[in-house]
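Novice: Using my numbering, read the sequence shown as starting at 19 and increasing by one per residue.
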Amino acid sequence: MPYLEYNQSNGYLLPPYLEELIPADHVARVVNKVLDFLDIRELTSQEKTEGRPAYHPRMMLKILIYAYSQKMPSSRVIARRCNEDVVFMWLSGMQKPDFRTISDFRKNNIKVLKRLFKQVVQICQKLGMVNLGLVAIDGTKVKAAASDYGAKTKDALKEALKAVEADIERYIAEGLAIDKAEDTLYGENRTGQELPKEVKQALEKREAIMAAIKEIQEIKENDKTGKKEPKINPLESEARFMKHNGGRIRLSYNCQAAVDEKEGVIVAAEITNEANDKRQMLPMLEKVEETVEKKPKKAVMDAGYYSKENLEKAGKMETDCYVTSRKWEEEVQEKREGEKEEAKVVNSFANSPLQKSIKVANGDRAIGNTETRANVEPADAVRRMAAKLQTEEGKEIYRQRKKIVEPVFGQVKLNLGFRRFRLRGWDKAGGEWTLVCLVHNIKKIYAKIMAKGGEFDDLTRKLEAVYNPI
């Protein structure tokens, strides 16, 4: 059997351009092109007057965003790839930032990443990928960076605080003894400007534990339900235990996304440490308007967003909101087939205790019984929502919800491999979630180009024609 000639010593008369080694339809080309169009003056204006010149922020963004698109968020992996992977070499211009530089760039530029997300959404809008006809809002739980096992109750944290304070006292006593011995040996003019590493770490740990104790106390004071005292990890006191799909309870954040119906572009992203979605409806709708500078015509949400306050406010908004109830969700999950399922959704609402509680004025007709009960939602808001969901349009919007938003969460967790945060704390975790959503949107741009035959030059022409942030 004949073989192609194989010789590892073969060389080039002239070294090739790295770009020539990148396939014409590679996703890195879209990452590169989109990042070339973003306004990053906020990053480039940061002055550094001492030390060696810094790596260019645009290069750092390119390798970071491409890495996330390939399930490689680890700064150590990114640094290694810049030495081994031809795509990373091309994006980095053969520069080799170390893992610490990459990690610091990511965590120190969280606010900028959030603003770059807005620019990418606006690019999608200019490319005709966003129409804001219907937006689906939902949340998904993502594991926090801190360990579940490090979470403790208030009493356990107090015991840990005692142990840390004992360590600090011991370190200080040992330090004083060393200082005295060194003063005897070298004289009394030592500067001692820096604390020993052990003391510094112990002081930071004490501060974190005290913050966690305070957080638990505030939760208990604000909670009127008598729930069991929460456990908090002092390394990430803002994260909360939440139930994930499959029933496992993990230290997590609730990651919110608003997704446009047209091509699955995420038009708003935020995180919360509340497991329940109820208080996120209005903030997410406001976030959509802030990002796209326009209100969506319609918005649909599942039962997690259903509340008295939301029903009342939804009726007063320009955006036409469709919010289901928990009863509907439970019954619809049993069977989702054709018109039989649609009737079941409406009937479950009509026969729910909520609908039965509505008192009807003369001339009006209730869907269910008309018994009046105390402390119920306003009849008008409930009746309006029931009426909307009985229309053909309402039924269709209800059907579309899962098709719009849930595939996006699947793509984020499966295709991007994002199941756990790498950054700790609400602000940094929120920035990382925004970064992930930005990457998702760039991959949507890539998918659009590939669907049209992979005309990357056409993308350049369109971007130059419709988008100029400067």
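The C-beta atom is built at its ideal place from N, Cα and C for all residues, glycine as well.
Starting from E424, trace the alpha helix (DSSP H) both ways and give me its first and last residue.
Specialist: In the sequence shown, residue 424 corresponds to position 406, counting from 1. Per DSSP, E424 belongs to the alpha helix (DSSP H) from 410-428.
Novice: How many angstroms separate the CA atom of F474 from the CA atom of I155?
Specialist: If you number the sequence shown from 1, residue 474 lands on position 456. If you number the sequence shown from 1, residue 155 lands on position 137. Straight across, the Cα-Cα distance linking F474 with I155 is about 31 Å.
Novice: Please classify P91 as buried or exposed, where buried requires at least 16 other C-beta atoms within 10 Å of its C-beta.
Specialist: What you label residue 91 is simply residue 73 of the sequence shown in a count that begins at 1. Buried is the call here.
Novice: Between D295 and G322, what straight-line distance do the alpha-carbon atoms span, to the nearest angstrom?
Specialist: Counting from 1 along the sequence shown, the entry for residue 295 is found at position 277. Counting from 1 along the sequence shown, the entry for residue 322 is found at position 304. Whole-angstrom Cα-Cα distance: 5 Å.
Novice: Return the bridge partner residues of R268 from the DSSP annotation.
Specialist: Residue mapping note: residue 268 aligns to position 250 of the sequence shown, counting from 1. Bridge partners of R268: M260.
Novice: Give me whichever residues DSSP pairs with L152 in a beta bridge.
Specialist: Within the sequence shown, residue 152 is the residue found at index 134, counting from 1. Note: L152 sits in a beta bridge opposite K316.
Novice: Quick check on the DSSP output: the alpha helix (DSSP H) that includes Y340 runs from which residue to which?
Specialist: Position 322 of the sequence shown, counted from the first residue, corresponds to residue 340. Per DSSP, Y340 belongs to no alpha helix (DSSP H); it is in the beta strand (DSSP E), 338-341.
Novice: Helix, strand or coil, according to DSSP, for K470 in the structure here?
Specialist: Residue numbering aside, residue 470 sits at position 452 when the sequence shown is read from its first letter. K470 falls in the coil class under three-state DSSP.
Novice: For R438, name the three-state secondary structure that DSSP assigns.
Specialist: Position 420 of the sequence shown, counting from 1, holds the residue named residue 438. Correct three-state label for R438: strand.
Novice: Let me make sure I understand the geometry here. Which of Y86, L441, W444 has the alpha-carbon closest to that of L432?
Specialist: Start at 1 with the first residue of the sequence shown, and residue 432 comes out as number 414. Closest option to L432, Cα to Cα, is Y86.
Novice: Could you check whether E307 and I422 sit closer than 8 Å to each other, using their CB atoms as the reference points?
Specialist: Along the sequence shown, one-based indexing puts residue 422 at 404. Along the sequence shown, one-based indexing puts residue 307 at 289. Taking 8 Å as the Cβ cut-off, I422 and E307 do not qualify as a contacting pair.
Novice: Pick out whichever of C100, V160, E288 has its Cα sitting closest to the Cα of I120.
Specialist: The residue given as residue 120 occupies position 102 in the sequence shown. Closest by alpha carbon: C100.
Novice: Less than 8 Å separating the beta-carbons of K334 and L150?
Specialist: Sequence index remark: in the sequence shown, residue 334 carries index 316 (1-based). Sequence index remark: in the sequence shown, residue 150 carries index 132 (1-based). Result no, Cβ atoms of K334 and L150 do not sit closer than 8 Å.
Novice: Mind checking whether P425 and G282 have CB atoms under 8 Å apart?
Specialist: On the sequence shown, residue 425 is found 407 positions in, with the first residue counted as 1. On the sequence shown, residue 282 is found 264 positions in, with the first residue counted as 1. Cβ atoms of P425 and G282: closer than 8 Å.
Novice: Excluding the five sequence neighbours on either side, which residues of its own chain have a C-beta within less than 6 Å of the C-beta of F123, listed in chain order?
Specialist: Counting from 1 along the sequence shown, the entry for residue 123 is found at position 105. The residues are M78.
Novice: Taking just the CA atoms, how far does R258 sit from K232?
Specialist: In the sequence shown, residue 232 corresponds to position 214, counting from 1. In the sequence shown, residue 258 corresponds to position 240, counting from 1. Each residue's alpha carbon lies about 15 Å from the other.
Novice: May I ask you to report which of helix, strand or coil DSSP gives Q298?
Specialist: In the sequence shown, residue 298 corresponds to position 280, counting from 1. Q298: helix per DSSP, three-state reduction.
Novice: Beta carbon of L134, beta carbon of L434: below 8 Å?
Specialist: Translated into the one-based positions of the sequence shown, residue 134 becomes position 116. Translated into the one-based positions of the sequence shown, residue 434 becomes position 416. No; because the gap between Cβ atoms is not below 8 Å, this pair is not in contact.
Novice: Please report the straight-line C-alpha distance between P75 and L131, rounded to a whole angstrom.
Specialist: Here the question's residue 75 lines up with position 57 in the sequence shown. Here the question's residue 131 lines up with position 113 in the sequence shown. Answer to the nearest angstrom: the Cα atoms are 11 Å apart.
Novice: Can you round the beta-carbon distance between T342 and L303 to whole angstroms, since I take them to be within the 8 Å contact cut?
Specialist: The residue labelled residue 342 in the question sits at position 324 within the sequence shown. The residue labelled residue 303 in the question sits at position 285 within the sequence shown. Not quite, the Cβ-Cβ distance comes to about 16 Å (not below 8 Å), so this is no contact.
Novice: Exposed or buried, M299, counting other C-beta atoms within 10 Å across all chains shown (16 or more means buried)?
Specialist: Against the sequence shown, residue 299 aligns to sequence position 281. The residue in question, M299, is buried, as its Cβ has 16 or more Cβ neighbours within 10 Å.
Novice: Can you find the residues in the same chain that come closer than 6 Å, C-beta to C-beta, to F427, ignoring five residues on each side of it along the sequence?
Specialist: The residue you call residue 427 lines up with position 409 of the sequence shown. So the list reads T158, once near-sequence residues are dropped.
Novice: How close, in whole Å, do the beta carbons of N459 and V48 come, if the pair is a contact with beta carbons under 8 Å?
Specialist: As a first step, residue 459 is located in the sequence shown; it is residue number 441 there, counting from the start. As a first step, residue 48 is located in the sequence shown; it is residue number 30 there, counting from the start. Rounded, the Cβ-Cβ distance is 11 Å, inconsistent with contact.
Novice: How many Å lie between I128 and T409 at the Cα?
Specialist: Sequence index remark: in the sequence shown, residue 128 carries index 110 (1-based). Sequence index remark: in the sequence shown, residue 409 carries index 391 (1-based). Roughly 44 Å separates the two Cα atoms.
Novice: What first and last residue would you give for the beta strand (DSSP E) that runs through A85?
Specialist: Start at 1 with the first residue of the sequence shown, and residue 85 comes out as number 67. According to the DSSP assignment, A85 belongs to no beta strand (DSSP E) but to the alpha helix (DSSP H) extending over 75-87.
Novice: Following the continuous alpha helix (DSSP H) through E327, name the residue where it begins and the one where it ends.
Specialist: On the sequence shown, residue 327 is found 309 positions in, with the first residue counted as 1. Unbroken alpha helix (DSSP H) run through E327: 326-332.
Novice: Which two residues bound the contiguous alpha helix (DSSP H) that contains E287?
Specialist: Position 269 of the sequence shown, counted from the start, is the residue given in the question as residue 287. Here the sequence assigns Ala to residue 287, which means Glu is not the residue at that position. Where A287 is concerned, there is no enclosing alpha helix (DSSP H), although the beta strand (DSSP E) it sits in stretches over 284-290.
Novice: Going by beta carbon distance, what residues of the same chain come within less than 6 Å of A276, once the five residues before and after it are set aside?
Specialist: Here residue 276 refers to the residue found at position 258 when the sequence shown is read from its first residue. Taken in chain order, the residues that qualify are V153, I155, V285, A286, M302, V306.
Novice: Any idea which residues DSSP pairs V277 with across the strands?
Specialist: Within the sequence shown, residue 277 is the residue found at index 259, counting from 1. A154, I284, per the DSSP bridge assignment.
Novice: Does the Cβ of D103 have 16 or more other Cβ atoms within 10 Å, making it buried, or fewer, making it exposed?
Specialist: For this step, residue 103 is matched to residue 85 along the sequence shown. Counting Cβ neighbours within 10 Å, D103 comes out buried, since at least 16 surround it.
Novice: Can you tell me which of M403, Y271, Y30 puts its alpha carbon nearest to the alpha carbon of A447?
Specialist: Taking the first residue of the sequence shown as position 1, residue 447 is located at position 429. Here the closest residue by C-alpha is Y271.
Novice: Consult DSSP for I40 and reduce its assignment to one of helix, strand or coil.
Specialist: Locating residue 40 in the sequence shown gives position 22, counting from the first residue. It is coil, neither helix nor strand.
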